[in-house]
Amino acid sequence: MSQKFYLYDNTSGVINLILSHFRKKYGVGAIFLHSMDAESSDLFENQKQTFCELCQKGDSVELARLCHADHLKRAFAKQKIAVINQCYLGLYNVSFPIVIEGNITATLLIGQVKIKGKEKDAYQKAKKFLRNSNFDLPNADAILSRCESINTLNESVFNDTVIPEGRYIAKLIQALLEQERFSKIRMSSIAHELLLPIQSIIIDSETLKDETYDDQFDIEFIRENASSILLEVSKLNMHINNLRRVVKFSVVDFAYDFVETNIFPMIETARTTFKKEADLKGIVLRKQTFTQRKFPSLFLVKEELSIALNNLYSNAIKYSYSQNRFKDERFITTECYTTMIQSKNFFVIEISNFGVPIKEEEIEGGLIYQAGYRSEYSKDRNRTGSGIGLFLVKDIIERIHKGIIEVHSTHKGNGNYTTVKICLPYEREIYNATREKL
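290 is the number that full-length UniProt numbering gives to position 290 of the sequence shown; each next residue is one higher, with no gaps.
Laid out in structure tokens, this is it:
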């Protein structure tokens with residue numbers, strides 16, 4: 001027998017376990033109907049053993065067909081609130097819609113029981129239904145006889161215990177489906193992000209290969225293509241490191257190796273890695289400004305800070321408006337300076353771009369730092385993104401380096417100036433204290 005109707009997606013095992021426990025606890029039926037099941041004629045046949053005791057014990061194909069149509073009609077009636085129903089045979093059940101992004105994507109049905117004190121009404125309804133449906137007398141009598149053995153609940157138990165727990169389970173299923181949907185979107189975005197540099201590598205490699213067939217090599221042309229391939233590999237490496245950090249973050253905390261480092265080359269490497277994308281959009285990547293003669297040496301986890309800087313420049317370019325959109329010069333600036341925060345010296349890096357705005361409530365509420373979250377305006381013009389960039393940056397700056405991250409988005413003209421500000425402490429003791437805790 002096909003299992004596709006309730007064994008779908010990665011959440012199916014959890015949902016089945018929850019519903020199985022619920023059935024055993026209260027002696028009631030429970031089925032979960034996904035919207036993709038609505039057109040399936042054998043839906044009820046595949047799930048009847050988990051919901052309707054009458055259909056489980058019976059062998060009437062006609063009854064199964066009618067019950068199937070009845071339950072689907074109520075399950076997908078586009079009612080966004082829980083509704084108590086009475087089926088053709090007088091049994092009571094409740095439908096809980098599962099709403100995701102305003103759409104009913106699934107329904108949880110529980111019940112299929114008799115209510116104490118209402119047994120006579122249920123019997124009369126079943127009898128009337130069977131007579132009007134032209135069931136032959138032996139089959140109708142057999143079904144009515146089985147109605148006597150259906151579980152009966154007190155109305156107070158049904159209303160005050162079964163329904164509230166069913167509502168809780170519906171919310172839990174909704175959360176599971178939302179998480180599943182989020183995971184699929186995130187993996188799709190990550191796959192797209194990985195594919196772009198791979199495609200560029202293939203194109204540049206083929207161009208380089210074609211050049212080698214010529215007896216007169218253009219060394220400068222070969223050098224440019226080789227550099228382009230190296231940059232694309234660097235971007236691919238960044239995306240892979242992002243994925244590794246997400247896994248590392250969720251599994252275990254590591255002891256990090258802090259090294260006294262001149263931060264200038266790290267900023268320059270990250271800035272120039274994405275120059276190709278910036279050039280394609282007509283965006284000028286301005287060099288960093290720093291008024292002091294010498295860049296400071298900070299105690300950093302170089303690999304981690306490189307990941308943070310790469311993500312910041314990648315985001316700045318991705319969410320910048322192209323030059324040809326408003327016929328104005330577009331640029332990304334990097335400002336560096338030192339400041340005092342609570343009597344501590346910090347080195348500050350501000351990366352600013354003009355483009356897609358970020359809502360104030362998304363910044364104030366910390367939504368932009370949540371893994372997988374993409375701001376409302378970031379999806380314009382089908383922009384891609386994994387939603388893990390700022391999540392990683394915040395973790396690297398605040399948790400690992402005990403620094404500070406701030407985001408500001410100010411409206412100006414046809415867009416917003418967005419600035420991401422990261423502050424890294426000078427003092428060695430801050431990092432030493434961090435290492436002792438790890």
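Note that CB positions come from ideal geometry on N, CA and C, so glycine has one too.
Whole angstroms is fine: what's the gap from residue i's alpha carbon to residue j's?
i    : j    : result
L312 : K171 : 36 Å
T418 : Q174 : 34 Å
S297 : L176 : 47 Å
K120 : V99  : 36 Å
T272 : Q288 : 11 Å
N414 : P357 : 10 Å
G282 : N353 : 13 Å
F264 : T338 : 14 Å
A142 : N154 : 25 Å
S322 : R330 : 7 Å
State the DSSP-derived secondary structure class of residue i, mapped to helix, strand or coil.
i    : result
C67  : helix
N103 : strand
T11  : coil
L33  : strand
V83  : strand
I18  : helix
S145 : helix
V348 : strand
V301 : coil
Buried or exposed for residue i, please, with buried defined as at least 16 other CB atoms from any protein chain shown within 10 angstroms of its CB.
i    : result
E220 : exposed
L285 : buried
K394 : buried
I229 : buried
M266 : buried
I400 : buried
Y369 : buried
E362 : buried
A270 : buried
A226 : exposed
I388 : buried
Return yes when the Cβ of residue j is within less than 7 Å of the Cβ of residue i, no when it is not.
i    : j    : result
G27  : N159 : no
I18  : F32  : no
E277 : I317 : yes
I422 : I349 : yes
V83  : G166 : no
S409 : G355 : no
Q112 : L130 : no
L309 : T261 : no
Starting from the Cα of residue i, find the closest Cα among the options and give me that residue.
i           : options                : result
C52         : C336, I81, Y88         : Y88
V162        : R23, I222, A126        : R23
T11         : E178, S156, L63        : E178
residue 439 : I351, R330, E304, T339 : Given a span of 1 to 438 for the chain in the structure shown, any question on residue 439 remains unanswerable.
residue 455 : I115, S156, R131, I169 : No information on residue 455 is available, as it lies outside the stretch 1 to 438 that the chain covers here.
N237        : H411, S306, E268, Y377 : S306
L108        : D136, G389, G29, G117  : G29
V259        : E303, A226, N103, Y373 : E303
P425        : E376, F391, N345       : N345
A122        : K359, E232, L144, I405 : L144
I81         : L66, R65, L63, N103    : N103
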